[in-house]
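>
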Amino acid sequence: MKNVTERKGLLYFRRKVAGKDTYIRLPAIDSPDFAAEYARLSTPDTDRPRPAAGSMSALVQAFRASPEFRALGSTTRTNQARYLDMIMLEHGHRSVAGVRPAHVYLMRDKMAELPGKANAWLSVFRSLMSYATRLDQRATNPASGIKMLPLGEHEPWPADLLRVALEEATPMTRLAIVTGLCSGQRVSDCIRMQYGWIDSGIMELNQQKTGKLVAIPMHGFWLDELQQLPRRSVTLLYERSGSPFQTTGAIQARLRDLMASRAVREVHADLVARELIAADSTFSFHGLRKNACCYLLELGLSDTEAGSILGMSSEMVRHYGKRARALMIARGAAERVTGGKIVPMAGATALKRRSENG
């Protein structure tokens, strides 16, 4: 494979940067991200005028070539590159030294209707400005202290909604939902899961975002669902062509289509009418992670045990499972609470007062 070399079991792409050989870490060859990252690195840079010194375009180019950026995971690099391209396109002509906090607020708020996108952009822009301070192109980071837009909670899927979603989903989308529900992992990790990572009913993987090693006991429901589809790829989930999913976008798009289907919308409306959810409630793949957390807590696992399986801190487990835990406490205390005699207690107090008053 052209320009690819192996060192100590790891793959690197060799390319010229400023006339010198530079080695950029590649994902494993059986990773769903390998093809996209290899294609990106193999594409020659288009000839373009050198950006003006001190401009945002020049800063973005320097940031892309930095060791910190190259050390990021391939998916993170790809995601950040999308926002770096946006910054170059819209603000590449501006000077780095001239950026003020007010400008950052304006740029963030232009995307206020898409808070997730706005926050991702702000995170990348903050990193870019931090890099500018390291290069002495400015003294302070204008994005420092600017808050992310509120996203709201990732809500767990209600049982009725989960049921109809599984009934209406295509086979691969159904397997994706079951994988998220039974593993409690992010969609970026679910699309990476491979059959070779299963050992005696345990799925083992390093989370892409955190690097944490997690070992997930595979529920029988999950194993049964895997048996329903042909094994056409090294990964559990795959495209219609049989190729692994290269990005999370395809799964997210399938879920959006599923949530927009008539049957799912009818159940959603019923849940709203019963005042179980708000009218504007939305349910994402990440909400399945909260479903999994609540399930593990309801089984009686400790915060540490659930966190080990999910790859979460104990604090995050407590946050995700606060409603489930409140219900568990209420159920456990129900007999003692409802067994008391509230009205007679009040009546006894009144009788005592009358007797004391003669």
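If you read the sequence shown in the working numbering, its first letter stands for residue 4, the second for the next number, and so on. Cβ atoms here follow ideal geometry from the backbone N, Cα and C, with glycine treated the same way.
So, does the stretch 153 to 170 touch the stretch 254 to 269, judging by three or more C-beta pairs under 8 Å?
Touching, yes.
> Measure from the C-beta of threonine 250 to each C-beta in chain D and report whether the shortest distance is under 9 Å.
Among the chains of the structure shown, chain D does not appear; only one protein chain is present.
> Taking the straight line between their C-alpha atoms, what separation do you get for lysine 215 and serine 186?
14 Å
> Could you check what DSSP says for methionine 91 in three-state terms: helix, strand or coil?
Methionine 91 falls in the helix class under three-state DSSP.
> Based on Cα-Cα distance, which residue from Asp202, Arg67, Gln211 lies nearest to methionine 221?
Asp202
> Got a sec? Which residues, its chain only, sit under 8 Å from aspartate 273 by beta carbon, not counting five neighbours each side?
Scanning its chain for C-beta atoms nearer than 8 Å, with the 5 sequence neighbours on each side dropped, one finds around aspartate 273 the residues Asp163, in chain order.
> Any idea which residues DSSP pairs leucine 178 with across the strands?
Answer is none; leucine 178 lacks a bridge partner.
> Please report the Cβ distance between leucine 258 and leucine 178, rounded to the nearest whole angstrom; I am assuming they are in contact, meaning their Cβ atoms lie under 8 Å.
Contact doesn't hold; Cβ gap of about 13 Å is too wide.
> In whole angstroms, give me the CA-to-CA distance for alanine 281 and aspartate 112.
25 Å
> To the nearest whole angstrom, what separates the beta carbons of histidine 157 and serine 287, a pair I think is in contact under 8 Å?
6 Å
> Using the beta-carbon count (16 or more within 10 Å), is alanine 256 buried or exposed?
When all chains shown are included, alanine 256 counts as exposed.
> Going by beta carbon distance, what residues of the same chain come within less than 6 Å of leucine 13, once the five residues before and after it are set aside?
none
> Can you say whether aspartate 306 is buried or exposed, counting buried as having 16 or more other CB atoms within 10 angstroms of its CB?
buried
> Are leucine 279 and cysteine 296 closer than 9 Å when you measure CB to CB?
no
> The ligand HEM and tyrosine 26: does any heavy atom of the ligand fall closer than 8 Å to the residue's C-beta?
Among the components of this structure there are no ligands whatsoever, and the ligand HEM is therefore not found.
> Could you check where the beta strand (DSSP E) with valine 7 kicks off and where it finishes?
For valine 7, the enclosing beta strand (DSSP E) starts and ends at 7 to 10.
> With three or more C-beta pairs closer than 8 Å as the rule, is the stretch 181 to 198 touching the stretch 133 to 150?
no
> For serine 246, count neighbouring Cβ atoms within 10 angstroms of its own Cβ and tell me buried if that reaches 16, exposed if not.
exposed
> By Cβ distance below 7 Å, which residues in the same chain neighbour glutamine 211 in space, the five residues on each side in sequence not counted?
Gly76, Thr78, Ser191, Asp192, Arg195
> If you check the beta carbons only, do leucine 291 and tryptophan 160 fall under 9 Å apart?
yes
> Rounded to a whole number of angstroms, what is the C-alpha to C-alpha distance between methionine 206 and threonine 250?
21 Å
> Please classify arginine 51: does DSSP put it in a helix, a strand, or coil?
Legend: pLDDT at arginine 51 = 48, less than 50; position of this residue unreliable, no value from coordinates given.
> Assign aspartate 88 to one of two classes, buried (16 or more other C-beta atoms within 10 Å of its C-beta) or exposed (fewer than that).
The residue in question, aspartate 88, is exposed, as its Cβ has fewer than 16 Cβ neighbours within 10 Å.
> Evaluate contact between the stretch 50 to 65 and the stretch 90 to 102, counting only Cβ atoms and requiring at least three cross-stretch pairs below 8 Å.
The stretch 50 to 65 is in contact with the stretch 90 to 102.
> So for phenylalanine 286, helix, strand or coil by DSSP?
Residue state, collapsed to three classes: coil.
> Could I get the ranges of all uninterrupted alpha helix (DSSP H) runs contained in the stretch 158 to 228, with 4 residues as the minimum, in chain order?
Those alpha helix (DSSP H) runs which fall completely within the stretch 158 to 228 and span 4+ residues are 162 to 171, 174 to 186, 190 to 193.
> For histidine 106, report the span of its alpha helix (DSSP H) as first-last.
Histidine 106 -> alpha helix (DSSP H) spans 104 to 112.
> In chain order, what residues of the same chain have a beta carbon less than 8 Å from the beta carbon of tyrosine 323, not counting five sequence neighbours either side?
Cβ neighbours of tyrosine 323 beyond the five flanking positions: Arg292, Lys293, Cys296, Cys297, Met315.
> To which residues of the same chain is methionine 319 closer than 8 Å at the C-beta, ignoring the five residues directly before and after it?
Within its own chain, the residues whose Cβ lies closer than 8 Å to the Cβ of methionine 319, once the five positions on either side in sequence are excluded, are Gly310, listed in chain order.
> Determine the extent of the alpha helix (DSSP H) in which arginine 277 is found, giving its start and end residues.
Element bounds for arginine 277: n/a, residue is neither H nor E.
> Can you list, in chain order, the residues of its chain whose CB lies under 7 Å from that of alanine 367, leaving out five sequence neighbours each side?
A question about residue 367 goes unanswered here, because the residues of the chain that appear run from 4 up to 361.
> Taking 9 Å as the cut-off, decide whether the C-beta atoms of asparagine 82 and leucine 44 are in contact.
no
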